[in-house]
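Undergrad: There's a structure below that I have some questions on.
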Amino acid sequence: MDKRSSLRTPIKTARGLGSSHSGTHHFWVQRVSAVALIPLSIWFMVEILTKLLGADRAMVGSWLNNPLIALAMAALVVALFVHARLGIQTVIEDYIHGEAKKITALLLLNLFIFGFGALSVMAIFRLHFSGI
Amino acid sequence: MSKTHENRPLSPHLGIYRWQITNTLSILHRLTGVGLTIGLVPLALWLWGAAYDPALFDFMNMLMASIVGKLFLFGWTWAFYYHLANGIRHLNWDIGKGFALDEVLASGRLVVAFSLAMAIFTWAIISKKVGL
Chain H
1 MDKRSSLRTP IKTARGLGSS HSGTHHFWVQ RVSAVALIPL SIWFMVEILT
51 KLLGADRAMV GSWLNNPLIA LAMAALVVAL FVHARLGIQT VIEDYIHGEA
101 KKITALLLLN LFIFGFGALS VMAIFRLHFS GI
Chain X
1001 MSKTHENRPL SPHLGIYRWQ ITNTLSILHR LTGVGLTIGL VPLALWLWGA
1051 AYDPALFDFM NMLMASIVGK LFLFGWTWAF YYHLANGIRH LNWDIGKGFA
1101 LDEVLASGRL VVAFSLAMAI FTWAIISKKV GL
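Listed below in structure tokens is the structure:
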């Protein structure tokens, strides 16, 4: 860093620069998705136990034909993938050292999240709108 | 790297800490989070199979009905209840409550007991409905 006197204080280089290069947004979205997942995940567990055990494709299709169920399922899947993305991001930032490896891991994480997230949402929409 | 960086104190090394319930439950929260994220893959593939690909749907059902599949499903069931209960414990800390040592230990024990009991209860329902 420049050793000459300057009006710039050290906080200029520190502000907003944790290992994730961002502030409290990550923390907040993690909490919001966590709260959303409490009712949604419990609901899905109950649905599995009461309706989906041993279900064939037609049964899954007629289950998702209900708009409220399709809505809850889409919300669940989005909240799950958002929450998982933020959690795994933290794990990567804590345990994977070196910028190249870290950025590669984060890219793969995002590829996984958006890939499987989009796949899940598309499947829910298809089952809701056109059945099987 | 500057001199100040080299001279910064190291945090106490992991090896000097006594292994205890608090840090065990903390790392279990991470591990169950990672495990549940891996569980998003079969969830997404099951949905995709139901919507678009009968062969994939049958394959996922066959996989999950196998011994290994059931062991994974039981693990995910316990991990789900653990991460749910311990996540609520974390949210309670986030609003500034439950930090006294006796409260931390009591909530920790409650989370472990709840997750194990719910996992067993859930699989009792499954075995009653579709057999093991």
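Protein sequences appear in the order of chains H and X.
Using our numbering, read the first sequence as starting at 1 and increasing by one per residue.
Using our numbering, read the second sequence as starting at 1001 and increasing by one per residue.
Glycine included, C-beta positions come from ideal geometry on N, C-alpha and C.
#1: Whole angstroms is fine: what's the gap from Ile69(H)'s alpha carbon to Leu76(H)'s?
#2: Decide if the stretch 1061-1075 of chain X is in contact with the stretch 120-130 of chain H; the criterion is three or more beta carbon pairs, one per stretch, under 8 Å apart.
#3: Checking 8 Å against the spacing of the C-beta atoms, do Ala84(H) and Leu1043(X) come in under that value?
#4: Mind pulling the chain X residues with CB within less than 7 Å of Ala34(H)?
#5: Would the beta-carbon of Ile92(H) fall within 8 Å of that of Leu106(H)?
#6: Taking the beta carbon of Ile1016(X) as the centre, do at least 16 other beta carbons fall within 10 Å, making it buried, or is it exposed?
#7: Between which two residues does the alpha helix (DSSP H) carrying Tyr1017(X) extend?
#8: Determine, using beta carbons only, whether Thr1037(X) comes closer than 8 Å to chain H.
#9: Under 8 Å Cβ to Cβ from Met73(H), same chain only, skipping five residues before and after it: list those, please.
#10: How is Ile124(H) classed by DSSP in three states: helix, strand or coil?
TA: Walking through what the data contain:
#1: Position 69 of the first sequence, counted from the start, is the residue given in the question as residue 69(H). Position 76 of the first sequence, counted from the start, is the residue given in the question as residue 76(H). Going by the C-alpha atoms only, they are around 10 Å apart.
#2: no
#3: One-based indexing of the first sequence puts residue 84(H) at position 84. One-based indexing of the second sequence puts residue 1043(X) at position 43. In this structure, Leu1043(X) does not lie closer than 8 Å to Ala84(H) by Cβ.
#4: Numbered from its first residue, the first sequence carries residue 34(H) at position 34. Under the 7 Å cutoff, chain X gives Gly1087, Leu1091.
#5: Counting from 1 along the first sequence, the entry for residue 92(H) is found at position 92. Counting from 1 along the first sequence, the entry for residue 106(H) is found at position 106. Cβ atoms of Ile92(H) and Leu106(H): closer than 8 Å.
#6: Here residue 1016(X) is taken as the residue at index 16 of the second sequence, counted from 1. Exposed, because fewer than 16 other Cβ atoms sit within 10 Å of the Cβ of Ile1016(X).
#7: For the purposes of this step, residue 1017(X) is taken as residue 17 along the second sequence, with counting starting at 1. Run containing Tyr1017(X): none; DSSP gives neither H nor E here.
#8: Along the second sequence, one-based indexing puts residue 1037(X) at 37. So, interface residue.
#9: For the purposes of this step, residue 73(H) is taken as residue 73 along the first sequence, with counting starting at 1. Excluding residues within five positions, the ones whose Cβ falls inside 8 Å are Phe44, Leu64, Ile124.
#10: Position 124 of the first sequence, counted from the first residue, corresponds to residue 124(H). Three-state DSSP puts Ile124(H) in a helix.
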